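Novice: Pasting a structure here, questions to come.
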Amino acid sequence: MAFSGNFMCTSFKQELLTGSHNFTNSSGDTFKLALYDNNASFNASTTAYTSSNEVGNSGSYTAGGGALTNVTPTTSGTTALTDFADKTYTSATITARGALIYNTTTGGGSGTTDTVVVLDFGSNKSSTSGDFQIVFPTADASSAIIRIA
6 MAFSGNFMCT
16 SFKQELLTGS
26 HNFTNSSGDT
36 FKLALYDNNA
46 SFNASTTAYT
56 SSNEVGNSGS
66 YTAGGGALTN
76 VTPTTSGTTA
86 LTDFADKTYT
96 SATITARGAL
106 IYNTTTGGGS
116 GTTDTVVVLD
126 FGSNKSSTSG
136 DFQIVFPTAD
146 ASSAIIRIA
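Mapping to the numbering used here: the sequence shown position 24 is 29, numbers consecutive.
Rendered as structure tokens:
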């Protein structure tokens, strides 16, 4: 098993402190979600998107993944959080074990493929000539995909 859990990438944490990422919905950076098979090897030290072990083009899924719709950051109690709208790749035949969310906006951290989080699906997830959907958790202080407590 190459994936070993969900991680907020260490480089992303540092880049937050330098103001390199903007998650605002209407005027923020562009973030993408790329899917990977079980041969991919990612952890908290992952710093950039790679095409190595990315799933093949199928249906609406193409190399590099698809753009995500940002949910403008907010707070809940003492926790800051942001999220994305669910993502669906249509008419796709895909088997994926996990994903990377990364920033494609020039001027991010070190380049235009700076990773944000590694997502481990826990097992292979598949679609056959149908929808492959990523459902993000509830955008609250205990579940949002990106939260700082």
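We treat Cβ as the ideally placed atom computed from N, Cα and C, and that holds for glycine.
All figures in this text were calculated on a predicted structure; none of them were measured in a lab.
1. Examine the Cβ distances between the stretch 121-136 and the stretch 67-87 and report whether three or more of them are shorter than 8 angstroms.
2. Quick check on DSSP: helix, strand or coil for Leu22?
3. Can you tell me whether Leu22 is buried or exposed, with buried defined as 16 or more other CB within 10 angstroms of its CB?
4. Among the residues of its own chain, which have a CB less than 7 angstroms from the CB of Ser50, if the five just before and after it don't count?
5. In chain order, what residues of the same chain lie with their CB nearer than 7 angstroms to the CB of Ser63, ignoring the 5 residues before and after it?
6. What does the alpha-carbon distance come out to for the pair Phe126 and Ala104?
Specialist: Short version:
1. no
2. If you number the sequence shown from 1, residue 22 lands on position 17. Correct three-state label for Leu22: helix.
3. Residue 22 sits at position 17 when you count from the first residue of the sequence shown. Classification of Leu22: exposed, given that the 10 Å Cβ count is below 16.
4. Here residue 50 refers to the residue found at position 45 of the sequence shown. Excluding positions up to five away in sequence, the list reads Thr15.
5. Within the sequence shown, residue 63 is the residue found at index 58, counting from 1. Cβ within range, chain order: Ala97, Thr98 and Ile99.
6. As a working note, residue 126 is residue 121 in the sequence shown. As a working note, residue 104 is residue 99 in the sequence shown. Spanning the two alpha carbons is a distance of roughly 8 angstroms.
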